[in-house]
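Okay, structure first, notes after.
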Amino acid sequence: MARKKNDVGAPDEPKPKKVKKQRWYHQVWAAYKMTRRGDPTVTWMMLAAFIGVMVVALVIGLLWGHPIYMSLVGLPFGLLAAMFILTRRAERAAYQQIEGQPGAARSALGTIRRGWSFDEEPVAVDPRTRDTVFRGVGKAGVVLVTEGPPSRASKLADKERRRISRVLPNVPITVLQCGNAEDQIPLPKIARSVQKLRPKLTKAEVGEVMKRLNALGATRPPIPKGIDPMRARPDRKGMRGR
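The structure is reproduced here in structure tokens:
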């Protein structure tokens with residue numbers, strides 16, 4: 221049987237398949253599988269939380285004289301307890317996967333939903349050691365979050381702090397070192413440490429600080445794409461033709 225043609229004589233193109241929406245239970249199952257790969261005990265912890273809540277509900281029901289009713293009431297609370305365990309374990313597994321990788325601190329800071337604005341790219345990078353400094357702005361002022369050994373990262377952060385202080389002399393600047401060394405903040409706690417900083421600026425002042433920092437970043441001389449200034453070589457043919 222011949223294929224049906226459209227007005228211009230070409231065969232009809234097949235319609236693209238609709239993308240199925242991912243349901244909430246699909247997301248929960250994906251999170252569970254990801255967590256189980258890094259933490260095999262998550263299944264038993266979730267079962268223990270669920271059974272523990274159900275036992276407490278059943279005991280209360282027996283004492284009250286309504287065990288079936290209290291078991292039904294305890295069912296959603298047991299599921300909620302299991303989901304709470306899964307959420308905490310999934311968060312820990314996610315941090316374990318990115319820990320030690322460049323930009324891990326920025327990924328952790330991305331969990332802060334409101335009150336802070338962080339640049340996607342680091343404001344200071346050591347190309348040799350790959351130590352980085354990320355910058356955020358909030359009501360607590362400017363925060364610099366470093367990645368790298370304390371001795372090297374502190375030097376990189378001090379340099380960036382002096383640069384910011386020239387244009388924002390009265391704005392508080394806080395340096396937080398992310399890492400597992402002494403006096404550093406572990407990756408899972410870095411976002412919480414930023415949120416604990418006390419607010420010292422108003423909303424209008426935060427907007428003004430962001431404008432000045434954007435202007436400060438724009439003053440850096442741009443590097444043409446595709447050119448490495450460390451490997452640039454003079455055009456000898458052009459020099460001979462002069």
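First residue of the sequence shown? That's 221 in the working numbering, and the numbers climb one at a time after it. Virtual Cβ for every residue (Gly too), placed ideally from N, Cα, C.
Taking Val429 as the reference, which of Lys375, Ser337, Val248, Ala251 has the closest Cα? Per the C-alpha coordinates, the member of Lys375, Ser337, Val248, Ala251 positioned closest to Val429 is Ser337.
Quick check: what's the CA-CA separation for Ala268 versus Lys409? Using only the alpha carbons, I get a separation of about 26 Å.
Anyone know if the C-beta pair for Thr349 and Glu367 falls short of 8 Å? Cβ atoms of Thr349 and Glu367: not closer than 8 Å.
Which residue comes first and which comes last in the beta strand (DSSP E) that contains Ile280? DSSP places Ile280 outside any beta strand (DSSP E); the residue lies instead in the alpha helix (DSSP H), whose first and last residues are 262-284.
DSSP-derived helix/strand/coil call for Ala438: Only weak support is given to the placement of Ala438: the predicted model assigns it a pLDDT of 44, under 50, and the question is left unresolved by the model.
Does Ala250 pass the burial test, meaning 16 or more other C-beta atoms within 10 Å, or should it be called exposed? Ala250 should be labelled exposed.
Does the segment 358-367 touch the segment 325-341, meaning 3 or more C-beta pairs lie closer than 8 Å? The way I'd put it, the segment 325-341 does touch the segment 358-367; three or more beta-carbon pairs between them come closer than 8 Å.
Cβ neighbour criterion (16 or more within 10 Å) applied to Glu380: Under this definition Glu380 is a buried residue.
CB contact flag (Met254, Ile305, <8 Å): Going by C-beta atoms, Met254 is not nearer than 8 Å to Ile305.
Please list, in chain order, all residues of the same chain as Val395 whose beta carbon is under 6 Å from its beta carbon, the five residues on each side excluded. Excluding residues up to 5 positions away in sequence, Leu364, Ala377 lie with their Cβ nearer than 6 Å to the Cβ of Val395 in the same chain.
Can you look up Arg333 in the DSSP assignment and give me helix, strand or coil? Residue state for Arg333 is assigned as coil, using DSSP reduced to three classes.
Cβ of Ala313 within 8 Å of Cβ of Gly361? No, Cβ-Cβ distance for Ala313 and Gly361 is not below 8 Å.
How far does the alpha helix (DSSP H) with Ile410 in it extend, from its first residue to its last? Ile410: member of the alpha helix (DSSP H) spanning 410-415, first to last residue.
Close beta carbons around Lys423, own chain, < 8 Å, minus the five adjacent residues each side: Correct list, in chain order: Lys359.
Residue of Val391, Gln321, Leu278, Asp403 minimising C-alpha distance to Gly427: Scanning Val391, Gln321, Leu278, Asp403 for the CA closest to the CA of Gly427 turns up Val391.
Quick one: what does DSSP say Gln316 is sitting in, helix, strand or coil? Taken through DSSP and simplified to helix, strand or coil, Gln316 comes out as helix.
Grouping DSSP H, G and I as helix and E and B as strand, with all else coil, what is Ala328? Ala328 falls in the helix class under three-state DSSP.
Can you give me the C-alpha to C-alpha distance between Arg418 and Arg386, rounded to a whole angstrom? Between the alpha carbons of Arg418 and Arg386 lies a gap of roughly 23 Å.
Have a look at the DSSP bridge pairing and note the partners of Glu311. For Glu311, which the question treats as bridged, DSSP gives no partner whatsoever.
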